[in-house]
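Chains as they are written, first to last, in this note's numbering: chain A, 23 to 522; chain B, 23 to 522. Idealized CB from N, CA, C, for every residue including glycine. Quick notes on the structure that follows.
Number of protein chains: 2
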Amino acid sequence: MTAPVNSYGLLESRFRRLATLQEAAGMLHWDMATVMPDGGRSARAEQLATIEVICHEVLTAPETADLLDSAEMGKAGLNDWQRANLAEMRRTHTHATALDAQMVEAMSRAVTACEAVWRVARPKGDFAAVFPLLSEVLNLTRQSAAARAEKLGCSPYEALMDRFEPGAREAEIDAVFADYGAFLPEFLGRVLEHQARLPKLVEPKGPFPQAVQKDLAKRIMAQLGFDFHHGRLDESLHPFCGGVPEDVRITTRYSEDEFVQSLMGVIHETGHALYERNLPQDWRLQPVGQARGMAIHESQSLLMEMQACRSGAFCKYLSRVLSETFPNNDAAFAPENLRRLYSRVQPGFIRVEADEVTYPAHVILRYRLEQALIRGDLQLADVPAAWNEGFKKLLGLDVPSDREGCLQDIHWYDGAFGYFPCYSLGAMTAAQFFEAACKAKPEIPAEIEQGKFATLQGWLNANVHGLGSSLSTPEIIAKATGRPLETAVFKRHLERRYLN
Amino acid sequence: MTAPVNSYGLLESRFRRLATLQEAAGMLHWDMATVMPDGGRSARAEQLATIEVICHEVLTAPETADLLDSAEMGKAGLNDWQRANLAEMRRTHTHATALDAQMVEAMSRAVTACEAVWRVARPKGDFAAVFPLLSEVLNLTRQSAAARAEKLGCSPYEALMDRFEPGAREAEIDAVFADYGAFLPEFLGRVLEHQARLPKLVEPKGPFPQAVQKDLAKRIMAQLGFDFHHGRLDESLHPFCGGVPEDVRITTRYSEDEFVQSLMGVIHETGHALYERNLPQDWRLQPVGQARGMAIHESQSLLMEMQACRSGAFCKYLSRVLSETFPNNDAAFAPENLRRLYSRVQPGFIRVEADEVTYPAHVILRYRLEQALIRGDLQLADVPAAWNEGFKKLLGLDVPSDREGCLQDIHWYDGAFGYFPCYSLGAMTAAQFFEAACKAKPEIPAEIEQGKFATLQGWLNANVHGLGSSLSTPEIIAKATGRPLETAVFKRHLERRYLN
Chain A
23 MTAPVNSYGL LESRFRRLAT LQEAAGMLHW DMATVMPDGG RSARAEQLAT
73 IEVICHEVLT APETADLLDS AEMGKAGLND WQRANLAEMR RTHTHATALD
123 AQMVEAMSRA VTACEAVWRV ARPKGDFAAV FPLLSEVLNL TRQSAAARAE
173 KLGCSPYEAL MDRFEPGARE AEIDAVFADY GAFLPEFLGR VLEHQARLPK
223 LVEPKGPFPQ AVQKDLAKRI MAQLGFDFHH GRLDESLHPF CGGVPEDVRI
273 TTRYSEDEFV QSLMGVIHET GHALYERNLP QDWRLQPVGQ ARGMAIHESQ
323 SLLMEMQACR SGAFCKYLSR VLSETFPNND AAFAPENLRR LYSRVQPGFI
373 RVEADEVTYP AHVILRYRLE QALIRGDLQL ADVPAAWNEG FKKLLGLDVP
423 SDREGCLQDI HWYDGAFGYF PCYSLGAMTA AQFFEAACKA KPEIPAEIEQ
473 GKFATLQGWL NANVHGLGSS LSTPEIIAKA TGRPLETAVF KRHLERRYLN
Chain B
23 MTAPVNSYGL LESRFRRLAT LQEAAGMLHW DMATVMPDGG RSARAEQLAT
73 IEVICHEVLT APETADLLDS AEMGKAGLND WQRANLAEMR RTHTHATALD
123 AQMVEAMSRA VTACEAVWRV ARPKGDFAAV FPLLSEVLNL TRQSAAARAE
173 KLGCSPYEAL MDRFEPGARE AEIDAVFADY GAFLPEFLGR VLEHQARLPK
223 LVEPKGPFPQ AVQKDLAKRI MAQLGFDFHH GRLDESLHPF CGGVPEDVRI
273 TTRYSEDEFV QSLMGVIHET GHALYERNLP QDWRLQPVGQ ARGMAIHESQ
323 SLLMEMQACR SGAFCKYLSR VLSETFPNND AAFAPENLRR LYSRVQPGFI
373 RVEADEVTYP AHVILRYRLE QALIRGDLQL ADVPAAWNEG FKKLLGLDVP
423 SDREGCLQDI HWYDGAFGYF PCYSLGAMTA AQFFEAACKA KPEIPAEIEQ
473 GKFATLQGWL NANVHGLGSS LSTPEIIAKA TGRPLETAVF KRHLERRYLN
């Protein structure tokens, strides 16, 4: 057996190669989503599959397991970062080896088939058409959840979440979501009443030329701290943040009829980008140097979008910028009108169009259905009815068809059970981070009013970005805010924003 | 030992992985040259180096050598394509294993250092500054040439050429170049005299907006047969053809003062692109499915640019297109004026700016100096004097400084000894291919006058593109044109174009 210290060093080399290949794959994914001609699809799929297979081979090679065992025996000789790195290596290894090759292949085939049928079934609202394939995906997901859970020592649903948000625990999320679920109906009623009493909103009038929108987006990105020497803004059908920390690539799409969706999308993705860009430089290409998980990642995009840039303070800055950018919209661009435009509450059926107040309801519904499906308490055939019933309870609306219901999101049809909670955990974490940052640095809101973000960025770098995966999500939140994650701050934020 | 037939199958899998990784690297190179922000450089270098190391590991693994031995023993059981594929595998393997890891690393380090100093030394014309580093590159090149030559069973200089143009032989190239070198001085004198007697040329007047140039380029590319469903046109500092056969990416750069350089560059790169796009689909990702070598590759770009698109026939078509594209240039865009603009002969010092007639002189000079350097017949310190003397003999001009002399090209400073002959072999091969195509399909010139290229493309696909590497370069030329490569056709072409 290799000596423990050497083992750890050899593991660093292995995981460095792994991360480098994953970065290469990340760039190829960016290209595929932004500039690749359609005819390049099959060649690209082969390139990505080959890189994935090589990564899997490196990770599951018997020597990797031996090195991990040996390095763990010599853990006492490592410093905190190294120990955290080793723990992340072990977690990655556990996930990679939890499923046998047969299961991985079966899942990959099931998911590909199911997603293709879902694309046709969704616009028709035809759940029955995708049912047999989704049923297969769900069966395999249950089996793989059980296999992962055994290795990770957690519940099967937690094992699924662990792929996106390591260490996520159902009991904690149950409590947080129960609290918000109880708060929402009455609060939503008050918000809608309050909104109805306000003067009529003035809508900005277009057209808003794409080139002008792009310049505006880049100007705002630069204000937020995005460094174009280390990144790009491009267009894609579905906006995303990709690339690598030295070369972060975000995307958006433009409609010339209105600019808010694109601009807020850019701000959102910039939040993700700044997290990636400011991960600990010394730990580049090591597991401990990666982003902590998707709940923290979402917290960074939502902090930027929801906490900082849909605020009254930012709307004062934005009002000036917009008046310089798009002529003849003075009334619409008045700061208070902007603030209200960017914080309009309107319950609806579609998650991705939901406002800040009702968004968690969409997530809570999916989370509870996922839990029940994985536990086996809910039959797949009963999902549409359960969805509609749950939606009525949470938001008081009757879902007109499965198209606006359980067919709307790609996640289940793509095998991504366990992802949904990250969105709302992120929103709540964002509120808690932002409040803590403003408490520690009271000048932040006044700076935001001037379009300045350096102090906020400094706090985020010190308390979140620079930690990588050296601490767990609960540890990061507790260290940065002095408390575990709770709904109180998020609710306070909503009350302040939506009832004043 | 694995059974021969199985060995061959296993080799196909190995080389498929290798080619797929190289395609991924190719896309990352494209990205680096076109869209990557500067700050992404070091991360990208690491991605590319990692992929290269993995390819090298696959290729030099002991099992690969065993499989090759075993498959060669069972060669009789393979068909022609498989046998040719196996031979290409062996050639690739021989190159990869000819140098030990120490030599590869020393060369990589020497070349990186030398190229960096050359970038500073060139504008100053300071050969002495780069001399010690180039001396190191040359020493290592001599050693590696000897090592490769031993394995390949050829001369050291041939071993260097073999990296770019497999199987190239000095005796054949010597003969071809001697013939052209003897022909040139007197011919050039006649061309210049003839040109001087013609009426004054009318230069097109700009500005020529970049967006309009880009649309024009795409229109012409489509006429030539470029399929935008399987490729792109972008901008980069140095134009190139990259990507993969399903997704061929060519680049150009624009100056708003004039459009000819960019347009002819696009046509040139489209020639490369069509070769890549039409390689044998059944042999994708196998060595035998790749382009034959750089001489054939250059022949495809030069056939399109020099033979087809600088012709009088194409100028008739182009005249109509240009008049629709750029206003107020009717006299300049007259077909005969265009033809003369695109075939102006003007001896000069810089290879990349040279016309079709004098270009081979630049290549012949470099080829002879490279041979002498590798053989040891010429000392590096004597290169500037030898350059200037050779240049005077071939083109009758006195080189004013090493900036316009032996410092102008990156090749030597980058370790690419043996590449230069490909350019002129390509030009001569292009003439021979084009003449054979027009003989086989006499309608080609009339079609080109209409901007139509389908018949020409059909001939090229059948006689060149679709063969991949299944035949050697001399075999491809002989089969397609009925003769070995000779200067006669090229000289005939020049006489027809430049003395009429």
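I432 of chain A sits in coil when the DSSP states are folded into three classes, being neither helix nor strand. Counting along the chain, the unbroken beta strand (DSSP E) around C263 of chain A starts and ends at C263 to V266. Residue state for I195 of chain B is assigned as helix, using DSSP reduced to three classes.
Taking R66 of chain B as the centre and dropping the five residues before and after it, the same chain places the C-beta of M54 closer than 6 Å to its C-beta, in chain order. Interface annotation, Q308 of chain B: not in contact with chain A, CB-CB separation never under 7 Å.
In its chain, beyond the 5 residues on either side, L155, L156, V159 and Y435 have a beta carbon closer than 6 Å to the beta carbon of C136 of chain B.
Within the region 404-470 of chain A, complete alpha helix (DSSP H) segments of at least 4 residues are found at 405-417 and 443-462, given in chain order. Looking at the DSSP output, R141 of chain A bridges to nothing. DSSP places E257 of chain B in no alpha helix (DSSP H) but in the uninterrupted beta strand (DSSP E) bounded by G253 to E257. Contact between V224 of chain A and T347 of chain A does not hold, since the beta-carbon distance rounds to 17 Å and is not under 8 Å. With a threshold of 16 other beta carbon atoms within 10 Å, P84 of chain B falls short and is exposed. Contacts between I73 of chain A and chain B, judged by CB atoms closer than 7 Å, involve A46 in chain order. Taking 7 Å as the cut-off, the beta carbon of H251 of chain B is found no closer than this to the beta carbon of E268 of chain B. The beta-carbon of P59 of chain A is placed less than 7 Å from the nearest beta-carbon of chain B. Annotated three-state conformation of E45 of chain A is helix, per DSSP. Between the alpha carbons of R63 of chain B and A93 of chain B lies a distance of about 41 Å.
Around the beta carbon of Q322 of chain A, a 10 Å sphere encloses 16 or more other beta carbons of the protein chains shown; the residue is thus reported as buried. Proximity to E172 of chain A across A:H117, A:V139 and A:H216 peaks at A:H117, based on C-alpha coordinates. Distance from the CA of N351 of chain A to the CA of F336 of chain A, rounded to the nearest whole angstrom, comes to 18 Å.
When rounded, the separation of the alpha-carbon atoms in A169 of chain A and P302 of chain A is 33 Å. Contact annotation: Y179 of chain A and Q393 of chain A have beta-carbon atoms nearer than 7 Å.
Given a length threshold of 4 residues, each whole run of the alpha helix (DSSP H) inside the region 310-369 of chain A is given here in chain order: 316-324, 334-347 and 357-363. E280 of chain A is bridged by DSSP to A:S277.
Comparing alpha carbon positions, the residue from B:S29, B:M111, B:P406 and B:M328 closest to D88 of chain B is B:S29. Under the 8 Å Cβ criterion, the region 380-397 of chain B does not count as touching the region 255-263 of chain B, having fewer than three qualifying pairs. Here DSSP, grouped into helix, strand and coil, assigns V270 of chain B to strand. Contact between G48 of chain B and G265 of chain B holds: their C-beta atoms lie close to 6 Å from each other, under 8 Å. Close to V234 of chain B, with beta-carbon spacing below 7 Å, lies no residue of chain A; the smallest spacing is near 17 Å. Shortest Cα-Cα distance from L447 of chain B to any of B:K146, B:T509 and B:A150 involves B:T509. Apart from sequence neighbours up to five positions away, the residues of its chain that approach A408 of chain B with a beta-carbon distance below 8 Å are L391, A394 and L400, ordered along the chain. Among the CB atoms of chain B, one or more fall inside 7 Å of the CB of H252 of chain A.
Assignment of V224 of chain B by DSSP, reduced to helix, strand and coil, places it in the coil class. Assignment of alpha helix (DSSP H) within the region 42-107 of chain A, counting only whole runs of 4 or more residues, yields 63-82 and 84-95 in chain order. No Cβ of chain A is located within less than 7 Å of the beta carbon of Q312 of chain B. S365 of chain A has its alpha-carbon roughly 13 Å from the corresponding atom of L324 of chain A.
The Cβ-Cβ distance between N107 of chain B and Q308 of chain B falls below 7 Å.
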